[in-house]
Each structure stands twice: as structure tokens, then as C-alpha cells.
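Under the numbering used here, the first residue of the sequence shown carries the number 25, and numbering increases by one thereafter.
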Amino acid sequence: MENMEIPKGSLISFMSNKVKAQGGLNLAQGIPAFEPPAELLDILKNIATDNVHQYAPGRGNQMLLQQLSQHYKLGADHFLVVNGATEAISLVFTYLKSKETGPFTVLAFNPVYESYLNLSGIFQLPFMGVDLEADQSIDFEKLAKTLHDHSVKLVIIASPGNPLGKIWSKEEVDKMVELSGKMGFYLIFDAVYAELYFGEPPYYPIEKAHLRVFYINAFSKLLSVTGWRIGYLMAPPATIDAVADIHDYTGLSSPSVLQQAIAFYLDRYNYGKEYVEQLRDKLKGNYNQMVTELTLLGFKIHQAQGGYFIWAELPASQPDGFAFAIDLYEKQKVAVIPGIHFSSGAVRFIRINIARHPYEISMAISRIKKFIAES
């Protein structure tokens, strides 16, 4: 790479589009290489001629809402089905922006997923990315001061996170909920990787509806259907009522036939338990293989506890994550994401998507080895 400027916009789209246009291994965008459950696809085929091709109810397919209600042991009136997790987050921003007056800062924890920062910009809200401690813990005394001093009204937590893969402990989650009640800020729990953990499952405060807590999830990663865009928001019924009124004029409803297919699948196949267990095993195997090989090459891996990604600090011979990503693609056709996309301080980091077939992981390792050797 010769003095290439960092492009504006999403580096995830930038790197992924290179693969789509020129070929190669896409370890950049969080797209799974795994097929959706065969049973789900069969259901989709079988209902193609059913009367499910018009608008779905604005709140969501009734059978799907019942599946969510049974799974989370909360009333169906706690849920709103939307067009993916990103729309759910956008709806929360819209709702809070209309509800709150005065200073309003959004906070998340570095490295930060791109939507949190960029949605804050779209809604003209100040954004703060706060560093975790070296051991990925949270200094709550320091955090409370930051929340107060910067008029933070919304905190976003992903567990497991993207790109870091940290799972928040029950103690950490409960402390954040406690702080939310005391200090008057809102919490979004972004749970799209909730079932894709490597050891113990993450904890979420969903045993009861907290007035200042929003829980967001989707079927995109759970069932390897990222193109279907079926997500959902969980919150107290009165809040869901208010957000649903906004949804009526923005997303209106998510695809009716896809909601129906997912509802039937969840009902007939134990909420996808067998498929998700197999998916977990694949991800964990890919993660362990990639971490082992990268560590031997001099990368420093920041331990993930779940999710799709490896957050890796480059070997000492590689000082710049953006230059590394560009050169790796140009020379070996392996696409990864520079760390600066997630944190301005992550100059020497890259994010690697491991939700690929094992042969792709092995091929990527081989190409990275060759690239490092020739650098």
C-alpha cells in the first residue's frame, strides 16, 4: 500500500465489497458461510403458496410473538418484531430522542460496533467510546463519574460483543442496571450473539421488565439468515406501545413470509436448539484453530467468550492495521477489518470473522502465514 487514504464510510463495506468484486476470502463482514437449517428452508418452500405474502401485523406475526413469549417467559406484549437488530436500535434512538430533553450523550465500550457510533451521529447525539480495563473489567467508580460528567442518557452493551467478544458477568450487568436506576440513563442490551457463546452463556436482566432497559435480538446470526432481517425488541408493554407507533411509520412490518417460516421452525424444532448447538461447536473450533495459529505468528489475541470475531493485535513487525488489511487483501486476497474502524486507538488491531467453513479458515491461516513471511 502506498500512502492510501482511509476511505470514508464503513470499512466493513469497503473491505467486503472488494471480495464481492474481485474474489477472495471474506473474513471482513459478519456474514456466515453456514447454511440455514434445512428444516427452515423446507418450511419456507412449503409455505410459499400460502396466504402469507401481504403485510404482517405491525407488532409481528402472532405465532412468532407467542414463540418469543414462551422462550423468554414474558407476555407477548413485551415484544416488537422489526427489520433486524439495527432497526430496533434505530427505533430506540428515535423514541428516546423524542422523549428526553436536555444534554444527551450515548456511551458504549471500546472497541465499538459501527452502528452505535454512526447512529449517534445520524441522530446528532454526542458519542463516547470508553475503554475497558486491561483485563476487560469495568471500573464502575470511574464509569459513574464519566456518566455524570458527560450527561450520558444511553449506554449500549453487547454481550458477546462485536468485535471483542466479551461476555459481561452477572455482577457487571446487575451493577449497570442498578446504576441506570440511580442515575436515570437507559440501557440497550444488544444480544444478537447471545446464543453463540464458547463456554458459559451470557446473563441478561430479562426475568422482569426494567423501565429503562431495552433488549434487542435477531434471528440473523442464530439461524444463519442475515439477509432475512427479522429482529425484535423487548421492553415493558407501555414502552413497546410507544415504539410500535414509531415503527408503524418507519419499518411498518418485517417480511411476512419470513416471519411465518421462522415461527413454524421454532415451534417444530425446539427453538432451533440442535442447530444452534452445532453452530456453537463450529464457531468454537474455528476460533481455537485461528487463535492458535495467529499466536504462533506473533499476534496478541484479546480473548473472546463468544460471537463471530477475533480481535487481534498485530505482530511487532506490523505497525498499522489499515495498511496490513489493504496489503493482505491485495497480496493474498484475504479480507479483514482494520481496528481503527471500531476505536481510534486500535491502530495496530484487526477484526477477523470466524463464521466460515473450516477449510476457509485453514486457507486463510495459510495465506496470512505467507503474507507475514514475505513482509
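Note that beta-carbon positions come from the ideal geometry of N, C-alpha and C, so glycine has one too.
Relative to the Cα of residue 228, the nearest Cα in the group 194, 42, 255 and 216 belongs to 194. The stretch 213 to 253 contains, as complete beta strand (DSSP E) runs of 3+ residues, the segments 237 to 242 (chain order).
The residues 156 and 196, in chain order, have a CB closer than 7 Å to that of residue 162 in the same chain once the five nearest residues on each side in sequence are set aside. Comparing alpha-carbon positions, the option among 349, 180, 94 and 280 lying closest to residue 134 turns out to be 180. Here the C-alpha atom of residue 257 lies approximately 36 Å from the C-alpha atom of residue 324. In terms of CA proximity to residue 167, 131 leads the group 131, 198, 322 and 188. Collapsing the DSSP output to three states places residue 200 in a helix. Annotated as distal: residue 358 and residue 380, with beta-carbon spacing of 8 Å or more. Per DSSP, the continuous alpha helix (DSSP H) segment holding residue 119 begins and ends at 108 to 123. Of the residues 388, 367 and 384, the one whose Cα lies closest to the Cα of residue 35 is 367. Runs of the alpha helix (DSSP H) lying entirely within the stretch 29 to 58, each at least 4 residues long, are 35 to 46 in chain order.
Annotation: the stretch 366 to 393 contains no complete segment of the alpha helix (DSSP H) (minimum length 4 residues). Looking at the backbone, the Cα of residue 111 and that of residue 275 are separated by about 8 Å.
The criterion of a C-beta distance shorter than 8 Å is not satisfied by residue 76 and residue 89. Annotation note: the stretch 286 to 370 contains the following uninterrupted alpha helix (DSSP H) runs of length 4 or greater, listed N- to C-terminal: 297 to 320 and 345 to 356. One thing to note: residue 220 has its Cβ within 8 Å of the Cβ of residue 331. Leaving aside the five residues that flank residue 139 on each side, the residues in its chain whose CB is nearer than 7 Å to its CB run, in chain order, 110 and 113.
Inter-residue distance for residue 30 and residue 185 is about 25 Å (C-alpha atoms, whole angstroms). Within the DSSP bridge table, the entry for residue 210 names 178 as partners. Rounded to whole angstroms, the separation of the alpha carbons of residue 56 and residue 215 is 17 Å. DSSP, reduced to helix, strand and coil, places residue 395 within a helical segment of the structure shown.
Take residue 58, set aside five residues on each side of it, and the residues of its chain with a beta-carbon closer than 8 Å to its own are 248, 303, 306, 379 and 381, in chain order.
Scanning its chain for C-beta atoms nearer than 8 Å, with the 5 sequence neighbours on each side dropped, one finds around residue 319 the residues 325, in chain order. Between residue 377 and residue 46, the gap from beta carbon to beta carbon reaches 8 Å or more.
Here residue 143 has 113, 114 and 117 as same chain residues with Cβ atoms under 7 Å from its own Cβ, once five neighbours each way along the sequence are excluded. Secondary structure within the stretch 79 to 105: the alpha helix (DSSP H) runs of 4 or more consecutive residues, fully enclosed, are 86 to 96 (chain order).
With respect to the 8 Å criterion, residue 78 and residue 280 are classified as neighbours on the basis of their beta carbons. For the 8 Å CB-CB criterion, residue 192 and residue 183 form a contact. Rounded to the nearest whole angstrom, the CA to CA distance from residue 270 to residue 124 is 16 Å. Looking at the DSSP output, residue 136 shares a beta bridge with no other residue. Rounded to the nearest angstrom, the gap between the Cα atoms of residue 254 and residue 43 is 26 Å.
DSSP, read as helix, strand or coil, puts residue 128 in coil. Residue state for residue 151 is assigned as strand, using DSSP reduced to three classes.
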